[in-house]
Amino acid sequence: MEFITESHYYRVMPFLLEGLVWTLLITFVGLLFGFILGAVFGFARLSKNKLIYGIATVYVEAVRGTPILAQILFIYFGLSDLMDVNIDKITASIIAIAINAGAYIAEIVRGAVYSIDKGQEEAGRSIGLTRGQTMRYIIWPQAFRRMIPPLGNQFVISLKDTSLFSVIAVGELLYMGQQYYGMTFQAFQALTMVCIMYLIITVPTAVYLRRVERRLDV
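Residue numbering for the sequence shown follows our numbering, starting at 1 and increasing by one per position.
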(Lines of atoms letter the chains of each structure in order from A; the text may use other names.)
(Lines give C-alpha, C1' and ligand atoms only; values in the text may rest on other atoms or scores of the structure.)
Protein backbone atom coordinates (compact mmCIF):
# COMPACT_ATOMS: atom_id res chain seq x y z
CA MET A 1 0.00 0.00 0.00
CA GLU A 2 1.29 3.45 -0.92
CA PHE A 3 0.83 6.22 1.60
CA ILE A 4 0.10 9.80 0.61
CA THR A 5 2.92 11.14 -1.50
CA GLU A 6 3.36 14.59 -3.02
CA SER A 7 2.11 13.31 -6.38
CA HIS A 8 -1.03 11.85 -4.74
CA TYR A 9 -1.60 15.16 -2.98
CA TYR A 10 -1.45 17.25 -6.15
CA ARG A 11 -3.66 14.83 -8.08
CA VAL A 12 -6.44 14.60 -5.51
CA MET A 13 -6.54 18.23 -4.36
CA PRO A 14 -8.37 19.68 -7.41
CA PHE A 15 -11.17 17.16 -6.82
CA LEU A 16 -11.37 17.90 -3.11
CA LEU A 17 -11.19 21.67 -3.44
CA GLU A 18 -14.12 21.60 -5.86
CA GLY A 19 -16.02 19.44 -3.41
CA LEU A 20 -15.10 21.72 -0.52
CA VAL A 21 -16.56 24.74 -2.33
CA TRP A 22 -19.91 22.98 -2.72
CA THR A 23 -19.79 21.69 0.86
CA LEU A 24 -19.28 25.17 2.29
CA LEU A 25 -21.81 26.78 -0.08
CA ILE A 26 -24.55 24.29 0.81
CA THR A 27 -23.74 24.58 4.52
CA PHE A 28 -23.72 28.38 4.70
CA VAL A 29 -26.76 28.98 2.48
CA GLY A 30 -28.69 26.14 4.10
CA LEU A 31 -27.91 27.44 7.59
CA LEU A 32 -28.87 30.99 6.62
CA PHE A 33 -32.36 29.80 5.71
CA GLY A 34 -32.26 27.36 8.61
CA PHE A 35 -31.68 30.22 11.04
CA ILE A 36 -34.67 32.09 9.63
CA LEU A 37 -36.82 28.98 9.98
CA GLY A 38 -35.43 28.30 13.43
CA ALA A 39 -36.15 31.84 14.63
CA VAL A 40 -39.71 31.74 13.29
CA PHE A 41 -40.54 28.32 14.72
CA GLY A 42 -38.56 28.96 17.89
CA PHE A 43 -40.71 31.98 18.71
CA ALA A 44 -43.78 30.02 17.60
CA ARG A 45 -42.85 27.45 20.24
CA LEU A 46 -42.98 30.29 22.76
CA SER A 47 -46.43 31.41 21.60
CA LYS A 48 -49.43 31.15 23.88
CA ASN A 49 -51.59 30.54 20.81
CA LYS A 50 -52.25 26.78 20.79
CA LEU A 51 -52.52 26.55 17.01
CA ILE A 52 -49.23 28.33 16.36
CA TYR A 53 -47.54 26.36 19.12
CA GLY A 54 -48.97 23.11 17.75
CA ILE A 55 -47.81 23.72 14.18
CA ALA A 56 -44.29 24.59 15.37
CA THR A 57 -44.17 21.54 17.62
CA VAL A 58 -45.22 19.19 14.78
CA TYR A 59 -42.48 20.62 12.54
CA VAL A 60 -39.77 20.36 15.19
CA GLU A 61 -40.68 16.87 16.35
CA ALA A 62 -41.19 15.53 12.80
CA VAL A 63 -37.80 16.75 11.61
CA ARG A 64 -35.90 15.81 14.77
CA GLY A 65 -37.58 12.41 14.79
CA THR A 66 -36.51 11.38 11.28
CA PRO A 67 -32.98 10.86 9.89
CA ILE A 68 -31.64 13.57 7.61
CA LEU A 69 -30.86 10.93 4.96
CA ALA A 70 -34.57 10.14 4.73
CA GLN A 71 -35.32 13.86 4.50
CA ILE A 72 -32.83 14.28 1.64
CA LEU A 73 -34.36 11.42 -0.32
CA PHE A 74 -37.89 12.66 0.41
CA ILE A 75 -37.12 16.16 -0.86
CA TYR A 76 -35.15 15.08 -3.94
CA PHE A 77 -37.19 12.08 -5.04
CA GLY A 78 -40.46 12.28 -3.10
CA LEU A 79 -41.33 15.92 -3.73
CA SER A 80 -40.16 15.68 -7.33
CA ASP A 81 -42.56 12.77 -7.84
CA LEU A 82 -45.41 14.47 -5.98
CA MET A 83 -45.13 17.79 -7.85
CA ASP A 84 -44.04 16.17 -11.12
CA VAL A 85 -41.01 18.48 -11.39
CA ASN A 86 -37.27 17.92 -11.28
CA ILE A 87 -35.77 19.55 -8.20
CA ASP A 88 -32.15 20.52 -8.76
CA LYS A 89 -29.87 18.47 -6.49
CA ILE A 90 -28.11 21.54 -5.10
CA THR A 91 -31.44 23.17 -4.35
CA ALA A 92 -32.67 19.97 -2.73
CA SER A 93 -29.50 19.84 -0.60
CA ILE A 94 -29.91 23.43 0.60
CA ILE A 95 -33.59 22.81 1.41
CA ALA A 96 -32.67 19.67 3.36
CA ILE A 97 -30.03 21.47 5.43
CA ALA A 98 -32.38 24.42 6.03
CA ILE A 99 -35.31 22.27 7.15
CA ASN A 100 -33.18 19.97 9.29
CA ALA A 101 -31.09 22.70 10.92
CA GLY A 102 -34.17 24.90 11.34
CA ALA A 103 -35.80 22.36 13.66
CA TYR A 104 -32.73 22.20 15.90
CA ILE A 105 -32.18 25.96 15.79
CA ALA A 106 -35.82 26.43 16.84
CA GLU A 107 -35.04 24.54 20.04
CA ILE A 108 -31.84 26.55 20.50
CA VAL A 109 -33.86 29.77 20.22
CA ARG A 110 -36.56 28.52 22.58
CA GLY A 111 -34.03 27.32 25.13
CA ALA A 112 -32.01 30.55 24.99
CA VAL A 113 -35.09 32.73 25.55
CA TYR A 114 -36.28 30.51 28.40
CA SER A 115 -32.84 30.77 30.02
CA ILE A 116 -33.24 34.52 30.54
CA ASP A 117 -34.48 35.33 34.01
CA LYS A 118 -38.19 36.18 34.16
CA GLY A 119 -37.30 39.33 36.04
CA GLN A 120 -35.88 40.79 32.82
CA GLU A 121 -39.30 40.75 31.20
CA GLU A 122 -40.92 42.20 34.29
CA ALA A 123 -38.33 44.98 34.35
CA GLY A 124 -39.07 45.82 30.73
CA ARG A 125 -42.79 45.93 31.31
CA SER A 126 -42.30 48.08 34.42
CA ILE A 127 -40.64 50.84 32.37
CA GLY A 128 -43.49 50.88 29.86
CA LEU A 129 -42.21 48.56 27.12
CA THR A 130 -44.63 46.28 25.33
CA ARG A 131 -44.06 42.52 25.31
CA GLY A 132 -42.62 42.78 21.79
CA GLN A 133 -40.32 45.67 22.70
CA THR A 134 -39.15 43.85 25.82
CA MET A 135 -38.28 40.82 23.70
CA ARG A 136 -36.52 42.93 21.08
CA TYR A 137 -34.48 45.24 23.28
CA ILE A 138 -33.90 43.28 26.49
CA ILE A 139 -34.41 39.52 26.18
CA TRP A 140 -33.34 38.78 22.59
CA PRO A 141 -29.85 40.42 22.78
CA GLN A 142 -29.05 38.37 25.89
CA ALA A 143 -30.56 35.20 24.45
CA PHE A 144 -28.62 35.59 21.19
CA ARG A 145 -25.31 35.70 23.06
CA ARG A 146 -26.20 32.40 24.69
CA MET A 147 -27.14 30.95 21.31
CA ILE A 148 -23.71 31.49 19.75
CA PRO A 149 -21.99 28.28 21.00
CA PRO A 150 -24.87 25.92 20.11
CA LEU A 151 -25.28 27.65 16.73
CA GLY A 152 -21.60 27.01 16.09
CA ASN A 153 -22.10 23.36 17.01
CA GLN A 154 -25.01 23.21 14.57
CA PHE A 155 -22.71 24.56 11.86
CA VAL A 156 -20.29 21.70 12.45
CA ILE A 157 -23.13 19.15 12.45
CA SER A 158 -24.64 20.52 9.23
CA LEU A 159 -21.23 20.65 7.58
CA LYS A 160 -20.70 16.95 8.28
CA ASP A 161 -24.27 16.16 7.22
CA THR A 162 -23.47 17.40 3.71
CA SER A 163 -21.48 14.18 3.21
CA LEU A 164 -24.83 12.38 2.97
CA PHE A 165 -25.66 14.28 -0.21
CA SER A 166 -23.37 11.92 -2.08
CA VAL A 167 -26.42 9.62 -2.32
CA ILE A 168 -27.97 12.05 -4.81
CA ALA A 169 -24.63 12.71 -6.56
CA VAL A 170 -24.04 16.22 -5.20
CA GLY A 171 -20.41 17.10 -5.85
CA GLU A 172 -19.55 17.80 -2.20
CA LEU A 173 -16.30 16.85 -0.49
CA LEU A 174 -16.92 13.15 0.13
CA TYR A 175 -18.49 12.58 -3.29
CA MET A 176 -15.50 14.13 -5.07
CA GLY A 177 -13.19 11.94 -3.00
CA GLN A 178 -15.19 8.92 -4.11
CA GLN A 179 -14.96 10.07 -7.71
CA TYR A 180 -11.19 10.29 -7.41
CA TYR A 181 -10.64 6.84 -5.97
CA GLY A 182 -13.18 5.40 -8.40
CA MET A 183 -10.86 6.45 -11.21
CA THR A 184 -7.51 5.76 -9.53
CA PHE A 185 -8.38 2.92 -7.10
CA GLN A 186 -6.50 4.84 -4.39
CA ALA A 187 -9.22 4.83 -1.75
CA PHE A 188 -6.89 5.14 1.24
CA GLN A 189 -5.18 8.27 -0.04
CA ALA A 190 -8.40 9.95 -1.18
CA LEU A 191 -10.43 9.24 1.96
CA THR A 192 -7.53 10.23 4.23
CA MET A 193 -7.39 13.62 2.50
CA VAL A 194 -11.18 13.96 2.76
CA CYS A 195 -11.03 13.37 6.53
CA ILE A 196 -8.13 15.80 6.91
CA MET A 197 -10.05 18.53 5.08
CA TYR A 198 -13.09 18.03 7.32
CA LEU A 199 -10.83 18.23 10.38
CA ILE A 200 -9.18 21.43 9.08
CA ILE A 201 -12.61 23.07 9.26
CA THR A 202 -14.23 21.41 12.26
CA VAL A 203 -11.36 21.35 14.78
CA PRO A 204 -10.55 25.10 14.67
CA THR A 205 -14.29 25.83 14.78
CA ALA A 206 -14.68 23.68 17.90
CA VAL A 207 -11.69 25.35 19.57
CA TYR A 208 -13.04 28.81 18.76
CA LEU A 209 -16.48 27.90 20.12
CA ARG A 210 -14.98 26.73 23.41
CA ARG A 211 -13.20 30.06 23.76
CA VAL A 212 -16.41 31.98 23.01
CA GLU A 213 -18.30 29.87 25.53
CA ARG A 214 -15.75 30.59 28.24
CA ARG A 215 -15.94 34.32 27.53
CA LEU A 216 -19.73 34.29 27.69
CA ASP A 217 -19.59 32.49 31.02
CA VAL A 218 -17.50 35.25 32.56
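In this text, a Cβ means the ideal position worked out from N, Cα and C, and glycines have one as well.
Quantities reported herein were computed from a predicted structural model and do not represent experimental measurements.
| request: Over the uninterrupted alpha helix (DSSP H) stretch that includes Q178, give me the two end residues. | output: Along the sequence shown, one-based indexing puts residue 178 at 178. From DSSP, the alpha helix (DSSP H) with Q178 extends over L173 to T184.
| Rounded C-alpha distance that separates A44 from G132 | As a first step, residue 44 is located in the sequence shown; it is residue number 44 there, counting from the start. As a first step, residue 132 is located in the sequence shown; it is residue number 132 there, counting from the start. Cα to Cα, A44 sits roughly 13 Å from G132.
| Can a CB atom of chain C be found closer than 9 Å to the CB of D117? | Looking for chain C here will not work: only one protein chain is present.
| Cα-Cα separation, F77 to Q71 | As a working note, residue 77 is residue 77 in the sequence shown. As a working note, residue 71 is residue 71 in the sequence shown. Cα to Cα, the separation comes out at about 10 Å.
| request: State the Cα-Cα distance for the pair I168 and L51, rounded to the nearest angstrom. | output: On the sequence shown, position 168 is the one that residue 168 refers to. On the sequence shown, position 51 is the one that residue 51 refers to. So the alpha carbons of these two residues sit roughly 36 Å apart.
| query | Which residues bound the alpha helix (DSSP H) around V156? | reply | Within the sequence shown, the letter at position 156 stands for residue 156. Here the alpha helix (DSSP H) through V156 covers W140 to D161.
| field | CA nearest to the CA of V60, picked from G42, S47, N49 and I75 | value | In the sequence shown, residue 60 corresponds to position 60, counting from 1. Among G42, S47, N49 and I75, the Cα nearest to that of V60 belongs to G42.
| request: May I have the straight-line CA-CA distance separating S126 from V40, to the nearest angstrom? | output: Taking the sequence shown and counting its residues from 1, the one referred to as residue 126 is at position 126. Taking the sequence shown and counting its residues from 1, the one referred to as residue 40 is at position 40. The straight-line gap from Cα to Cα measures roughly 27 Å.
| Reduced DSSP category for T130 - H, G, I as helix; E, B as strand; rest coil | Taking the sequence shown and counting its residues from 1, the one referred to as residue 130 is at position 130. Of the three classes helix, strand and coil, the one that applies to T130 here is coil, per DSSP.
| said: Assuming G19 and M176 are in contact, meaning their beta carbons sit under 8 Å apart, how far apart are those beta carbons, in whole angstroms? | reply: Reading the sequence shown from its first residue, position 19 is the one you call residue 19. Reading the sequence shown from its first residue, position 176 is the one you call residue 176. At roughly 3 Å, the Cβ-Cβ gap stays under 8 Å, so G19 and M176 are in contact.
| If I99 and I26 are in contact, beta carbons under 8 Å, what's the gap, nearest whole angstrom? | Working through the sequence shown from its first residue, we reach residue 99 at position 99. Working through the sequence shown from its first residue, we reach residue 26 at position 26. That pair is no contact at about 13 Å.
| query | Touch check for the region 143-159 and the region 202-214: three-plus C-beta pairs under 8 Å? | reply | yes
| request: Return the first residue and the last residue of the alpha helix (DSSP H) that D81 is part of. | output: If you number the sequence shown from 1, residue 81 lands on position 81. Looking at the DSSP string, the run of the alpha helix (DSSP H) that includes D81 is L79 to M83.
| said: Please report the straight-line C-alpha distance between I97 and S158, rounded to a whole angstrom. | reply: For the purposes of this step, residue 97 is taken as residue 97 along the sequence shown, with counting starting at 1. For the purposes of this step, residue 158 is taken as residue 158 along the sequence shown, with counting starting at 1. Rounded to the nearest angstrom, the two C-alpha atoms are 7 Å apart.
| said: Let me confirm a value: P149 is counted as buried when at least 16 other C-beta atoms fall within 10 Å, else exposed. Which label applies? | reply: In the sequence shown, residue 149 corresponds to position 149, counting from 1. With 16 or more Cβ atoms within 10 Å of its Cβ, P149 is classed as buried.
| With DSSP run on the structure shown, which of helix, strand or coil describes A44? | Position 44 of the sequence shown holds residue 44. In the structure shown, A44 sits in a helix (DSSP, three-state: H, G or I).
| Proximity to L37 [Cα-Cα], best of Y104, D81, A92 and D84 | Translated into positions along the sequence shown, residue 37 becomes position 37. It is Y104.
| task | Identify which residue in F35, K118 and T66 has its Cα closest to the Cα of Q142. | result | Reading the sequence shown from its first residue, position 142 is the one you call residue 142. Of F35, K118 and T66, the residue nearest in Cα terms is K118.
| query | Which of helix, strand or coil does DSSP assign to N49? | reply | Stepping through the sequence shown from its first residue, residue 49 is reached at position 49. Here N49 sits in coil by DSSP.
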